[in-house]
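Asker:
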Amino acid sequence: MAEQVISAPRSLPVGPVESHGVGWNGMACLIASEAALFGYLLFSYYYLGASNPRGWLMEPHPDLHLALPNTLLLLASSVAAWWGERGVRQESKGQALAGLALALVMGTVFATVQVYEWHAKTYAPGTSSYASLYFITTGLHMAHVVIGLAVLAMLILWIAFGYFSPLRRLPVSNGVLYWHFVDAVWLFVFTTYYLTPLLGFAR
254 MAEQVISAPR SLPVGPVESH GVGWNGMACL IASEAALFGY LLFSYYYLGA SNPRGWLMEP
314 HPDLHLALPN TLLLLASSVA AWWGERGVRQ ESKGQALAGL ALALVMGTVF ATVQVYEWHA
374 KTYAPGTSSY ASLYFITTGL HMAHVVIGLA VLAMLILWIA FGYFSPLRRL PVSNGVLYWH
434 FVDAVWLFVF TTYYLTPLLG FAR
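Just so we're aligned, residue 254 is where the sequence shown starts under our numbering, counting upward by one.
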């Protein structure tokens, strides 16, 4: 029996198929651990905001003129990335490249506006516990944005070279999933630092 198996081996799949495989499990674990990290940071904000006296909140009325459009832009980049991934599934190379390239441009604009907002702040990371939390949380998110932009750029390059197909697309699915995670985290950060003060928290 063993000789028969060796002499006539069955064809084995090469790598993961579609969006299933060890790589997807690894991405899920990465997202879970990073989500916990952001959860701790946001919990610290709410804990300190609730336990400190009046005046702890350094921006009782956050300016939304840049932050709100920037948030909408980041959410739109998720739609573009999803559309690009769909292009890979449908074997439409042009759609895949256009969608991911649009997401890359939108993400770059988001990061640029965020850096501008940092420079416009009247406080520095060491000014207070609020300032420290703000810069650590948004800075950590920015680090994830930069990583996501690098992933999108590599996916665009690989798609241009024809590395993926509807069956062999796990790296694309993982990269887009990571970008969705980055966008989702920003919703919590934006709600925490820009919306809850307007609703009266810690004021």
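Note that CB positions come from ideal geometry on N, CA and C, so glycine has one too.
Thinking C-beta only, is residue 377 closer than 8 angstroms to residue 352?
Answerer: Along the sequence shown, read from residue 1 onward, the residue named residue 352 stands at position 99. Along the sequence shown, read from residue 1 onward, the residue named residue 377 stands at position 124. Not closer than 8 angstroms, so no.
Asker: Starting from residue 321, follow the alpha helix (DSSP H) in both directions and report where the run begins and ends.
Answerer: The sequence position of residue 321 within the sequence shown is 68, counting from 1. 317 to 342 is the span of the alpha helix (DSSP H), which, as asked, contains residue 321.
Asker: Assuming the contact rule is C-beta atoms closer than 8 angstroms, residue 366 and residue 323 should be a hit. Round their C-beta distance to whole Å, please.
Answerer: Taking the first residue of the sequence shown as 1, we reach residue 366 at position 113. Taking the first residue of the sequence shown as 1, we reach residue 323 at position 70. That belief holds up - the Cβ atoms of residue 366 and residue 323 are roughly 5 angstroms apart, short of 8 angstroms.
Asker: When DSSP labels each residue in this structure, what does residue 445 get in the three-state scheme?
Answerer: Counting from 1 along the sequence shown, the entry for residue 445 is found at position 192. DSSP places residue 445 in helix when its eight states are reduced to three.
Asker: Thinking just about the alpha-carbon of each residue, which of 404, 450 and 397 is nearest to the one in residue 290?
Answerer: Indexing the sequence shown from 1 puts residue 290 at position 37. Ranking the options by Cα distance to residue 290, first place goes to 397.
Asker: With residue 508 as the anchor, note down where its alpha helix (DSSP H) starts and where it stops.
Answerer: Past the boundaries of the shown model lies residue 508; the chain is included only from 254 to 456, so the question cannot be answered.
Asker: What does a CB cutoff of less than 8 angstroms around residue 284 pick up in its chain, not counting 5 residues either side in sequence?
Answerer: Locating residue 284 in the sequence shown gives position 31, counting from the first residue. Correct list, in chain order: 430, 431 and 434.
Asker: If you count every other CB in all the chains shown that lies within 10 Å of the CB of residue 422, and 16 or more means buried, which is it?
Answerer: Along the sequence shown, one-based indexing puts residue 422 at 169. Residue 422 comes out buried.
Asker: To the nearest angstrom, report how far apart residue 447 and residue 315 are at their CA atoms.
Answerer: As a first step, residue 447 must be located in the sequence shown, where it is residue number 194. As a first step, residue 315 must be located in the sequence shown, where it is residue number 62. If you take the alpha carbons of residue 447 and residue 315, they lie about 6 angstroms apart.
Asker: Using 8 angstroms as the threshold, is the C-beta distance between residue 310 and residue 359 below it?
Answerer: Here residue 310 refers to the residue found at position 57 when the sequence shown is read from its first residue. Here residue 359 refers to the residue found at position 106 when the sequence shown is read from its first residue. Not a contact, by the Cβ cut-off of 8 angstroms.
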